[in-house]
Amino acid sequence: MLACLLLIASMSSLAAVQADGYYYPPNWDPSKGNKDQFHHHHPLGRRARKLGQGIVIVRFEMPVNVWCDGCGEHIARGVRYNAEKKQCGMYFSSEIFEFQMNCHLCGQRFIIKTDPQNRDYEFVSGLHRKVESFDTKETGTMSYDTHEQALMRADAIRSLENKEEDNLRSEKLAPTLDRLKSIQETIHANEDVLNRRVRDKLRTVRNAEKRRADLAAKEGLQIKLLPTSRSDIRSSRAVLFQKKSKAEVNAKVREIEAKSGDIFGKKDAARERTLKQCIANHVDLSLFKKEEVKKPSLPKLTLKVKKGVEEKEKERVKEDKKETKNTLGLVPYDE
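Mind the numbering: the sequence shown is residues -19 to -1, 1 to 316 in mature numbering (1 follows the signal peptide of the UniProt record, and there is no 0), read in order.
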């Protein structure tokens, strides 16, 4: 039992040593180098598979918002990639590194270089920077470049003048700041009311979208219907449902009377008035045509039987006439 406990303790301590990286196998000796050289491994593992070409695999984080030239999708700042990093130049004593990676959406090849001169990144190919301009004058803020900051540190009078300008600017903007502060206080004082209004508005919009979706599904449309506007209603009334004038209706009625005199049958004022209303509202006039009632046709066998009976009746009539002619003028014989 004691031997088992000692074995377990030695195995656990051995596992801890291996986890810390201090374990060396029994067949190792200093002449074989360190542990990685002994196992023919690199400390970076698979990240160093292209180390012979001067390339190491690193995790690269997109520094700014960019657009992919392959698929045109937006890639936000902070998206990470497995990139191939290599040195491609020098700027004085600073190294210039190049990073190559593939777009996670379409596979487009990105090439990005560091720009030590401008303290920025250069997007060589495969993507371009999203333009996000910022004007300090529009926002009312001041920005000083490195040269201006050095001058203010060296000249106390210049620094004092800038502080005085800042104080004047703050006094000028104080009423605006107070007004914004009061607006924010009013908004936060009625958060429940504003929240209810927002929810009611969103509920109305959501119900309207659901009604339009149900209408599109009912009509068999595979498109998203837009909200109805007043201009659409006016256009539909003016074009689709435009009624004909009285003269046009009378002309159409006379034309129909000339082509088919019996379309009205008897002179029925109510029927004629209804027909005029239908013409004015573009109703199909075929509804007013009289349907012809066709007589049901007899089966062929019935027709043959009927024809045979008629022929036999004719033959019987002929025989009766012939017998009457032969016996004409004879006296009946009495025994």
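Backbone N, C-alpha and C fix where the C-beta goes; we use that ideal spot for every residue, glycine too.
Practice task
State buried or exposed for C84, treating a residue as buried only when at least 16 other CB atoms are found within 10 Å of its CB.
Solution key: buried
Exercise for the section: Starting from the Cα of residue 348, find the closest Cα among E76, I77, Y72 and I92 and give me that residue. Expected result: Residue 348 lies beyond the range of the chain shown here (-19 to 316); nothing can be said about it.
Exercise for the section: Taking 8 Å as the cut-off, decide whether the C-beta atoms of A64 and M82 are in contact. Expected result: yes
Handout entry: Candidates L108, D50, I38 and E190, of which the one nearest Q68 by Cα
Key = I38
Practice task
Check whether the stretch 90 to 108 touches the stretch 30 to 50, counting contact only when three or more Cβ pairs, one atom from each stretch, lie closer than 8 Å.
Solution key: yes
Exercise for the section: Determine, using beta carbons only, whether F104 and F80 come nearer to each other than 8 Å. Expected result: no
Practice task
Report the residue from R193, H21, E113 and P7 whose alpha carbon sits nearest the alpha carbon of L206.
Solution key: R193
Exercise for the section: Return helix, strand or coil for E76, following the three-state DSSP convention. Expected result: strand
Problem - Close beta carbons around M133, own chain, < 8 Å, minus the five adjacent residues each side - result: Y125, R139, S140 and N143
Practice task
Please state whether DSSP places E113 in a helix, a strand or coil.
Solution key: coil
Practice task
Please classify N171: does DSSP put it in a helix, a strand, or coil?
Solution key: coil
Practice task
Determine which residues share a DSSP beta bridge with C49 and list them.
Solution key: L108
Practice task
Locate the alpha helix (DSSP H) running through R134, then write down its first and last residues.
Solution key: T127 to A135
Practice task
Under 7 Å Cβ to Cβ from T185, same chain only, skipping five residues before and after it: list those, please.
Solution key: none
Exercise for the section: Using three-state DSSP, classify G14 as helix, strand or coil. Expected result: coil
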